[in-house]
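Protein sequence lines correspond, in order, to chains A and B.
All residue numbers for the first sequence refer to UniProt numbering, where the first residue is 1 and numbers rise by one.
All residue numbers for the second sequence refer to UniProt numbering, where the first residue is 1 and numbers rise by one.
C-beta: ideal position from N, C-alpha, C; glycine also.
Treat the numbers as computed from the prediction; the structure is a model and nothing was measured.
There are 2 protein chains.
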Amino acid sequence: MTLKIDHIYDEQCRRFQDSFELVGKRWSPAILMAINLGSHRFSEILARVEGLSDRLLSQRLKELERNRLIDREVIPTTPVQIRYTLTERGADLMQALQPLVGWGLRWEPELQPMRAVS
Amino acid sequence: MTLKIDHIYDEQCRRFQDSFELVGKRWSPAILMAINLGSHRFSEILARVEGLSDRLLSQRLKELERNRLIDREVIPTTPVQIRYTLTERGADLMQALQPLVGWGLRWEPELQPMRAVS
DNA sequence: CAGAGTCACTTACCTATTGTAAGTGACTTA
DNA sequence: TAAGTCACTTACAATAGGTAAGTGACTCTG
Numbered sequence: 001m002t003l004k005i006d007h008i009y010d011e012q013c014r015r016f017q018d019s020f021e022l023v024g025k026r027w028s029p030a031i032l033m034a035i036n037l038g039s040h041r042f043s044e045i046l047a048r049v050e051g052l053s054d055r056l057l058s059q060r061l062k063e064l065e066r067n068r069l070i071d072r073e074v075i076p077t078t079p080v081q082i083r084y085t086l087t088e089r090g091a092d093l094m095q096a097l098q099p100l101v102g103w104g105l106r107w108e109p110e111l112q113p114m115r116a117v118s
Numbered sequence: 001m002t003l004k005i006d007h008i009y010d011e012q013c014r015r016f017q018d019s020f021e022l023v024g025k026r027w028s029p030a031i032l033m034a035i036n037l038g039s040h041r042f043s044e045i046l047a048r049v050e051g052l053s054d055r056l057l058s059q060r061l062k063e064l065e066r067n068r069l070i071d072r073e074v075i076p077t078t079p080v081q082i083r084y085t086l087t088e089r090g091a092d093l094m095q096a097l098q099p100l101v102g103w104g105l106r107w108e109p110e111l112q113p114m115r116a117v118s
């Protein structure tokens, strides 16, 4: 019995970890949020996400596309435009992450940077 | 007008990024989940989170404590026990992340590892 | 019509974070 | 006496991230 419960818990823990790692790499959630908020082009996303470099944006977009969270559409204008949009799966993820925005606002005063501390 | 809307969106994007980075470092969410599911001691957490090393657990616990997501209580038995529990803030975070568990289950078939791919 | 600029990226290089393995000190059990 | 547990540290190699410069196909400015 305890074994079974443990197994379920372990399973939940593992799946949660998987989900989080899929989308939790640095910059990925911010990029998805930027697209969700209407930035669909490379340079628009780059401008909206503070601190993000073009190298990492390029890398993250590839990963997100590979994981079917975003779609990449080439529009043959000159210069060529690339339009990134959320897949159904990606949009559903953004819905699932909305409560985190609320949490951030509720506990805002306690926010202190995690990185860049000795 | 457009400027104001953009500003709000940028703000939301930034705050979201901050929240996510606070808790989104590798292993942090899984550790919090493990504590939430009843693993309160160092070795229990280590056993439940698959792939986590003791070095990183130690480091993450310090960071999480510093950010007031968990409390650390020393119980002077022999050998000494250390009991980690979620703070109110940490517990609220786990609530906010529940929808992500649902998302993981809904889209489970599409899960493929993000790391360890060329 | 030469030079500068835009767009969506790459490549090169260096630093920071992570993974792996081994060690620590105060104890208990065989 | 030897081996084991607990909650960690330390040392070092591997991987990820940051910074800067380059690319090719265009357009726009003077």
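Straight-line Cα distance separating residue j from residue i
i, j, result
"N36/A", "Q95/A", "10 Å"
"residue 121/A", "W107/A", "Nothing about residue 121/A can be read from this structure; chain A reaches only from 1 to 118."
"Q98/A", "V80/A", "33 Å"
"R72/A", "E11/A", "33 Å"
"R70/B", "D18/B", "At residue 70/B the sequence reads Ile, which differs from the Arg that was named. I70/B and D18/B: Cα-Cα distance of roughly 18 Å."
"R15/A", "W103/B", "10 Å"
"S43/A", "V101/A", "24 Å"
"F20/B", "V74/A", "30 Å"
"R89/B", "L105/A", "12 Å"
"I8/A", "I82/B", "25 Å"
"K62/B", "C13/B", "27 Å"
"W27/B", "R60/B", "8 Å"
"R48/B", "R68/B", "22 Å"
"Y84/A", "L56/A", "16 Å"
"L86/B", "D54/A", "37 Å"
"R41/B", "R66/A", "37 Å"
"I45/A", "I45/B", "38 Å"
Closer than 9 Å at the beta carbon, the chain B residues around residue i
i, result
"Y91/A", "One point to set straight first is that residue 91/A is Ala, not Tyr, in the sequence displayed. None at all; the shortest Cβ gap to chain B is about 11 Å."
Residue i, buried or exposed, once every other Cβ within 10 Å from all chains shown has been counted against 16
i, result
"S58/B", "exposed"
"G51/B", "exposed"
"L22/A", "buried"
"S39/A", "buried"
Partners in chain B for residue i, counting only beta-carbon separations shorter than 7 Å
i, result
"E50/A", "R14"
"L86/A", "The premise fails here: L86/A is roughly 13 Å from chain B at the closest Cβ pair, so nothing lies under 7 Å."
Contact list for residue i against chain A, beta-carbon separation under 9 Å
i, result
"L46/B", "Those do not exist, as L46/B stays about 12 Å from chain A at its closest Cβ, beyond 9 Å."
Closer than 8 Å at the beta carbon, the chain A residues around residue i
i, result
"V101/B", "Q12, R15, F16 and S19"
"L61/B", "Simply none; closest approach about 13 Å."
"P29/B", "F16, Q17, F20 and G24"
"L56/B", "Simply none; closest approach about 13 Å."
Residue i: CB within 8 Å of a non-hydrogen atom of the ligand MN
i, result
"I75/B", "The ligand content of the structure shown is nil, which means the ligand MN is not present either."
Within chain B, partners of residue i - CB distance below 8 Å
i, result
"R72/A", "In chain order: nothing, as chain B lies at least about 17 Å away."
"E106/A", "One point to set straight first is that residue 106/A is Arg, not Glu, in the sequence displayed. What R106/A touches in chain B: D92."
What residues from the stretch 7-19 of chain B come within 9 Å of chain A, judged by C-beta to C-beta, listed N to C?
-> If the cut-off is 9 Å between Cβ atoms, the stretch 7-19 of chain B has Y9, D10, Q12, C13, R14, R15, F16, Q17, D18 and S19 near chain A.
Assess, as a yes-or-no matter, whether the stretch 85-93 of chain A is touched by the stretch 18-32 of chain A under the definition of 3 or more beta carbon pairs within less than 8 Å.
-> By the Cβ criterion, the stretch 18-32 of chain A is in contact with the stretch 85-93 of chain A, since at least three pairs of Cβ atoms, one from each stretch, lie closer than 8 Å.
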